[in-house]
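Report on one structure; see the data block that follows.
There are 2 protein chains.
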Amino acid sequence: MKNSLRVVVIGGVACGPKAAARIKRLVPNSEVTMVDRGSIVSYGACGLPYYVEGTCSKIEALVETAAGIPRDAGYFKRVKGFDVFTRTEAMKIDRKNKTVLVRNIDTGKEDTLAYDKLVMATGSRALQPPIPGRELENVWYMRSLDDATSMVDKIQAKNLSRAVLIGAGYIGVEMAEALKERGLQVTMVEVFDQVMPQFLDPEMSMLVAGHISKKGVDLALGEKVLAIEGTGSVSAVKTDKRTIPADLVVIGVGVRPNDELAKDAGLDCSPKGGIVINEFCRTSDPDIYAGGDCVVNRYIDPAMPGPVYVPLGSTSNKHGRVIADQIAGRAASFSGITSTGICKAFEFNIGRTGLTEKQAREIYPDVETAIWAGADRPHYFPGSKNLIVKLVALKSSRKIIGAQIVGQGDSSKRLDVAAGAIYFGATVEQVGNIDLGYAPPYSPPIDPIAAGAHLLANKLDGIAHSVSPIEAKQRIDGGGVVVLDVRTPREFNARRVAHPDVLNIPLDDLRERLGEVPRDRDIFIYCGVSLRAYEAQLILNAAGLDRVFFIEGGLAAWPFKTTSSKQS
Amino acid sequence: MKNSLRVVVIGGVACGPKAAARIKRLVPNSEVTMVDRGSIVSYGACGLPYYVEGTCSKIEALVETAAGIPRDAGYFKRVKGFDVFTRTEAMKIDRKNKTVLVRNIDTGKEDTLAYDKLVMATGSRALQPPIPGRELENVWYMRSLDDATSMVDKIQAKNLSRAVLIGAGYIGVEMAEALKERGLQVTMVEVFDQVMPQFLDPEMSMLVAGHISKKGVDLALGEKVLAIEGTGSVSAVKTDKRTIPADLVVIGVGVRPNDELAKDAGLDCSPKGGIVINEFCRTSDPDIYAGGDCVVNRYIDPAMPGPVYVPLGSTSNKHGRVIADQIAGRAASFSGITSTGICKAFEFNIGRTGLTEKQAREIYPDVETAIWAGADRPHYFPGSKNLIVKLVALKSSRKIIGAQIVGQGDSSKRLDVAAGAIYFGATVEQVGNIDLGYAPPYSPPIDPIAAGAHLLANKLDGIAHSVSPIEAKQRIDGGGVVVLDVRTPREFNARRVAHPDVLNIPLDDLRERLGEVPRDRDIFIYCGVSLRAYEAQLILNAAGLDRVFFIEGGLAAWPFKTTSSKQS
Numbered sequence: 000m001k002n003s004l005r006v007v008v009i010g011g012v013a014c015g016p017k018a019a020a021r022i023k024r025l026v027p028n029s030e031v032t033m034v035d036r037g038s039i040v041s042y043g044a045c046g047l048p049y050y051v052e053g054t055c056s057k058i059e060a061l062v063e064t065a066a067g068i069p070r071d072a073g074y075f076k077r078v079k080g081f082d083v084f085t086r087t088e089a090m091k092i093d094r095k096n097k098t099v100l101v102r103n104i105d106t107g108k109e110d111t112l113a114y115d116k117l118v119m120a121t122g123s124r125a126l127q128p129p130i131p132g133r134e135l136e137n138v139w140y141m142r143s144l145d146d147a148t149s150m151v152d153k154i155q156a157k158n159l160s161r162a163v164l165i166g167a168g169y170i171g172v173e174m175a176e177a178l179k180e181r182g183l184q185v186t187m188v189e190v191f192d193q194v195m196p197q198f199l200d201p202e203m204s205m206l207v208a209g210h211i212s213k214k215g216v217d218l219a220l221g222e223k224v225l226a227i228e229g230t231g232s233v234s235a236v237k238t239d240k241r242t243i244p245a246d247l248v249v250i251g252v253g254v255r256p257n258d259e260l261a262k263d264a265g266l267d268c269s270p271k272g273g274i275v276i277n278e279f280c281r282t283s284d285p286d287i288y289a290g291g292d293c294v295v296n297r298y299i300d301p302a303m304p305g306p307v308y309v310p311l312g313s314t315s316n317k318h319g320r321v322i323a324d325q326i327a328g329r330a331a332s333f334s335g336i337t338s339t340g341i342c343k344a345f346e347f348n349i350g351r352t353g354l355t356e357k358q359a360r361e362i363y364p365d366v367e368t369a370i371w372a373g374a375d376r377p378h379y380f381p382g383s384k385n386l387i388v389k390l391v392a393l394k395s396s397r398k399i400i401g402a403q404i405v406g407q408g409d410s411s412k413r414l415d416v417a418a419g420a421i422y423f424g425a426t427v428e429q430v431g432n433i434d435l436g437y438a439p440p441y442s443p444p445i446d447p448i449a450a451g452a453h454l455l456a457n458k459l460d461g462i463a464h465s466v467s468p469i470e471a472k473q474r475i476d477g478g479g480v481v482v483l484d485v486r487t488p489r490e491f492n493a494r495r496v497a498h499p500d501v502l503n504i505p506l507d508d509l510r511e512r513l514g515e516v517p518r519d520r521d522i523f524i525y526c527g528v529s530l531r532a533y534e535a536q537l538i539l540n541a542a543g544l545d546r547v548f549f550i551e552g553g554l555a556a557w558p559f560k561t562t563s564s565k566q567s
Numbered sequence: 000m001k002n003s004l005r006v007v008v009i010g011g012v013a014c015g016p017k018a019a020a021r022i023k024r025l026v027p028n029s030e031v032t033m034v035d036r037g038s039i040v041s042y043g044a045c046g047l048p049y050y051v052e053g054t055c056s057k058i059e060a061l062v063e064t065a066a067g068i069p070r071d072a073g074y075f076k077r078v079k080g081f082d083v084f085t086r087t088e089a090m091k092i093d094r095k096n097k098t099v100l101v102r103n104i105d106t107g108k109e110d111t112l113a114y115d116k117l118v119m120a121t122g123s124r125a126l127q128p129p130i131p132g133r134e135l136e137n138v139w140y141m142r143s144l145d146d147a148t149s150m151v152d153k154i155q156a157k158n159l160s161r162a163v164l165i166g167a168g169y170i171g172v173e174m175a176e177a178l179k180e181r182g183l184q185v186t187m188v189e190v191f192d193q194v195m196p197q198f199l200d201p202e203m204s205m206l207v208a209g210h211i212s213k214k215g216v217d218l219a220l221g222e223k224v225l226a227i228e229g230t231g232s233v234s235a236v237k238t239d240k241r242t243i244p245a246d247l248v249v250i251g252v253g254v255r256p257n258d259e260l261a262k263d264a265g266l267d268c269s270p271k272g273g274i275v276i277n278e279f280c281r282t283s284d285p286d287i288y289a290g291g292d293c294v295v296n297r298y299i300d301p302a303m304p305g306p307v308y309v310p311l312g313s314t315s316n317k318h319g320r321v322i323a324d325q326i327a328g329r330a331a332s333f334s335g336i337t338s339t340g341i342c343k344a345f346e347f348n349i350g351r352t353g354l355t356e357k358q359a360r361e362i363y364p365d366v367e368t369a370i371w372a373g374a375d376r377p378h379y380f381p382g383s384k385n386l387i388v389k390l391v392a393l394k395s396s397r398k399i400i401g402a403q404i405v406g407q408g409d410s411s412k413r414l415d416v417a418a419g420a421i422y423f424g425a426t427v428e429q430v431g432n433i434d435l436g437y438a439p440p441y442s443p444p445i446d447p448i449a450a451g452a453h454l455l456a457n458k459l460d461g462i463a464h465s466v467s468p469i470e471a472k473q474r475i476d477g478g479g480v481v482v483l484d485v486r487t488p489r490e491f492n493a494r495r496v497a498h499p500d501v502l503n504i505p506l507d508d509l510r511e512r513l514g515e516v517p518r519d520r521d522i523f524i525y526c527g528v529s530l531r532a533y534e535a536q537l538i539l540n541a542a543g544l545d546r547v548f549f550i551e552g553g554l555a556a557w558p559f560k561t562t563s564s565k566q567s
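Heads up: the sequence lines are chains U and X, in that order.
If you use numbering that gives the first Met the number 0, the first sequence corresponds to residues 0 to 567, in order.
If you use numbering that gives the first Met the number 0, the second sequence corresponds to residues 0 to 567, in order.
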């Protein structure tokens, strides 16, 4: 008689427990053993910044089920029926004999676990940049529950008040909010010249930076950290431009996959790191599966050269499910990711899915983009907030391949619609035609994502002649052009593009004041969100002027300096 | 030389102005004339309940652009370049000579407008049920700006305090909130035995009804209104069961398309009403287009027998765009709707897209459904709220064909994801694998829509053995079954399914207390949201019990009576 299926799972945070629990559901008589280096398994690591902020006040909640039951080894055994060994490190995989050598970190005791199928969910770790002083006290990476609790305890006990964040990615941005809300002074240092450099195109990034600055965070962009200084505990961060006093440092410059165990076992790994898996989450060894933060993912678009590394808890859970189905002999596959991410920074909701314009242009020769700005609900509905939507599409196929959505409005909803659209290979027309829910408390009749798609379609069709804010700025700074503001004089006086010579003709008067518009120069038009500017472009076109462009997203998406009549 | 393109647009609310403005954009030298019966065009009719509620305090905002410019005839001429005749009724279409006879309502003056292309956007009107007394004062249909302003004025001037709403559809539900928030007593009468009968399946509807009742609205379901009583103004509403005192009545029993003009002109109309259009929004006359509330729509799924009537401002705008493109000779089409709708009732967000289970079963022989309940964000994140998701799919294709999402959580986002999924013909597996945005302020790692899809997949695969709350209730009431609550005794004592004999074994203890579970009866298990109940089902299955089902959505989706230990 055949023995029951033996499964060993290495790693107990997201993919591991998901796979283990589902294997037990699908194959009740299987013997599933999960090992994890830590003392706590299956915790909500993404909640850590919110514990520091004080939004989530109970750190225990991060390791409990929704019903308030601690997800400890006993819980998994009693409820899910599998064994968990915490504080247990997987040392070596013997693929020939199908065993894993494990060692208890506290006792040093070693053991050998036999498997029929092995699941590697070894996770990731914070990238530790080679900065002198990174070992000082009060330097955190914000990866574990202990990072969060120790930081909060220290802030309270030692009255730490000056924080420097190294890196302006997810962790940096979320911790900027968290520490600022706790009342600390916060400086964010980033070696690239924009926040969220891997995540957003520059003009979208500048909007985020503007919001973060307004909230009182000092941004030090394009600055390289040379050292963390201090005796015992940190006292300053030295960059290539200055020295910033600091009681507390958070390093958030990225994570890297824990793929060493897989490499040692001879499994295929990506040159840049990360276990390579196929659409069944299987590694190069047919009896070993891998998922979660330790793997590189297939990108949904086959044009992408090679896999991508985007570690996220949502993807880890999907991997875990597919791994369990595969091990149980069920058909299941994971078709890939679209690099979707979302992040809150104060009142800004920052989302991105698919490719940025920069990424798209590296792969495709026929990229077109459009930036749309406007309210997330009907303008008459109180509490409606602006969103800035940037869409990236291909001219030939008209498929949308990327979306960036930022602003105080509900970007999360539009992001998920865009993620679905890219997943299903939708064209700009299809995105405009999805039958989205409409009622004033939720959205305007033409949803921002549809409005963005319409603009992009108009641009692809040569109806809308528009330029991005960055292109507009370059052209305006180059001189010899007309900048035309088609808002009312009141709006114009209150706030406008900072330029010595902006022509103001309200849209309402434009047909009658056509004579005032120079015919011998390129004209760049804007308004609040560029709805009126688009109309103005068409009026000028109809009047025979054809060197006319509107600035996409208007003032709402203008990331550069603005001025008012009092200041000028 | 050919004359410029002459376009006449009948109707000035949503589809009409959209089409007219875009035609002028695409064909600048066209002559576009829009006529409308009303004195106000292009207003946000969907905002009316929010004006009554006091949420939107300026009625003018409903007729202004986002920039605060009134959308009157002068605005359209100056900005959009087309002519608008208000208070002007289209009397007759002469298709042979391609003219429209129009008449000014105030002066009686008639005129004949010649067209090359005609756009019919004649809208809809409230269904006036044959109830005696509906002509009394203080009876409203809530269709025009005047309805909203006169109602608010009357409520204030005459101190109207008792409202009866006839019909529990969109208008009824939105006005129930609006009038309750204004401090009125509100009774909602509905001839069907559920709220939103066309929109939701019964169990989802019962959850909405429960919330509305809790907010103090009296529900009179399954009651037929026989008469509205009063002398001059309304004093009561008489139903087949009782007489309800009333100072104010809102009739919201549906709308019907204004298709008479089209019918008179011999254009194809649906037997139930509504102009028939093809995917180019063209009527049976190739020179006449129609869109907005006056047409019936193609449903996206060709299995649907015949077109459907779902008038919505969002669809009207899509029609207007396609009509303009077609008239301008550009390729554009409208592939159809998925009957998406969303509506707010107090703190409940009520969404639906695709087919209800009832509708699906009328068309397909192999329908499966699943109800999932849970939080819209990680349980540890403050402010996370429950959602109840019902998905409808086909067993053979595994395609999702319907979704209903209700609750205090963010249903709007999941609704739009589901609308996209149905639009693109997604399977349950695909919905589970879309790379949705994940961060604690926005969603749990497994988004509710994905979790619902997973449950449905598990059910289709025979892994999850579950029943809907309605089926469970029927089986429990039939007797001879075991009802098993697998929550903690504390949860059990606080609130549980109202039944004289509910067995309580916490999930944590279930493996050790298997002996207490009867083996000779069907077992129906539940917990808070049925996550634990699902685990319990699998534990009992593994222990050899196979007549085991969990109740989908647990207590969160249980629309029937509950009890506590004190009461029992």
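Ideal Cβ placement from N, Cα and C applies to all residues, glycine included.
Here the structure is a predicted model, which is why all the values come from computation and not from measurement.
Item: Using a cut-off of 9 angstroms between C-beta atoms, extract the partners of Cys55(U) located in chain X.; Value: Pro377, Tyr379, Phe380, Pro381, Pro439
Item: Got a sec, what are the start and stop residues for the alpha helix (DSSP H) Cys14(U) sits in?; Value: 14 to 25
Item: Does the CB of Gly527(U) have a neighbour CB from chain X at under 8 angstroms?; Value: yes
Item: Would DSSP call Met33(U) helix, strand or coil?; Value: strand
Item: Is the CB-CB distance between Asn316(U) and Cys14(U) below 8 angstroms?; Value: yes
Item: Can you find a CB in chain X that lies within less than 8 angstroms of the CB of Thr98(U)?; Value: no
Item: Under the three-state reduction of DSSP, which class applies to Ala323(X): helix, strand or coil?; Value: helix
Item: Using beta-carbon positions only, say whether Glu136(X) and Val249(X) come within less than 8 angstroms of one another.; Value: no
Item: Taking Cβ-Cβ distances below 9 angstroms as the criterion, which residues of the region 478 to 492 of chain U are in contact with chain X?; Value: Arg486, Thr487, Glu490
Item: May I ask you to list, following chain order, the residues of the region 522 to 555 of chain U that have a beta carbon less than 8 angstroms from some beta carbon of chain X?; Value: Cys526, Gly527, Val528, Leu530, Arg531, Glu534, Leu537, Ile538, Asn540, Ala541
Item: Quick one: residues in its chain with C-beta nearer than 8 angstroms to the C-beta of Met0(X), no 5 flanking neighbours on either side, listed in chain order?; Value: Its pLDDT being 42, under 50, Met0(X) is placed unreliably in this model, and the coordinates cannot settle the point.
Item: Secondary structure at Met187(X), three-state DSSP: helix, strand or coil?; Value: strand
Item: Does DSSP put Ile58(U) in a helix, a strand or coil?; Value: helix
Item: Between which two residues does the alpha helix (DSSP H) harbouring Ala44(X) extend?; Value: Looking at the DSSP string, Ala44(X) is not in any alpha helix (DSSP H), and its letter there is neither H nor E.
Item: Applying the criterion that 16 or more other CB atoms from any shown protein chain within 10 Å of the CB defines a buried residue, is Asn96(U) buried or exposed?; Value: exposed
Item: Apart from the five residues just before and just after Ala147(X), which ones in its own chain have a Cβ nearer than 6 angstroms to its Cβ?; Value: Leu47, Tyr50, Val51
Item: Report the neighbours of Leu61(U) on chain X: residues whose CB is nearer than 9 angstroms to its CB, in chain order.; Value: Pro377, Tyr379
Item: Exposed or buried, Asp409(U), counting other C-beta atoms within 10 Å across all chains shown (16 or more means buried)?; Value: buried
Item: Please look up how many angstroms separate the CB atoms of Thr238(U) and Val224(U), rounded, as I've assumed it's under 8 angstroms.; Value: 5 angstroms
Item: Let me know if Thr106(U) comes out buried or exposed under the rule of 16 or more other beta-carbons within 10 Å of its beta-carbon.; Value: exposed
Item: State the Cα-Cα distance for the pair Gln566(X) and Val163(X), rounded to the nearest angstrom.; Value: Reliability of the predicted coordinates at Gln566(X) is poor, the pLDDT of 47 falling under 50, and no value is obtained from them.
Item: Thinking C-beta only, is Ser467(U) closer than 8 angstroms to Glu202(U)?; Value: yes
Item: Does the beta carbon of Lys343(U) come closer than 8 angstroms to any beta carbon on chain X?; Value: yes
Item: Figure out for me which residue from Arg520(U), Arg495(U), Arg531(U) has the closest Cα to the Cα of Pro505(U).; Value: Arg531(U)
Item: Can you list, in chain order, the residues of its chain with a C-beta nearer than 6 angstroms to that of Leu61(X)? Leave out the 5 residues immediately preceding and following it.; Value: Tyr42, Gly43, Gly46
Item: Note down, in chain order, every chain U residue with its Cβ under 9 angstroms from the Cβ of Lys384(X).; Value: Under the 9 angstroms cutoff, chain U gives no residues; its nearest Cβ is about 13 angstroms from Lys384(X).
Item: Going straight from the alpha carbon of Arg520(U) to that of Arg474(U), what length do you get?; Value: 12 angstroms
Item: What span of residues does the beta strand (DSSP E) with Ile421(X) cover, start to end?; Value: Where Ile421(X) is concerned, there is no enclosing beta strand (DSSP E), although the alpha helix (DSSP H) it sits in stretches over 410 to 422.
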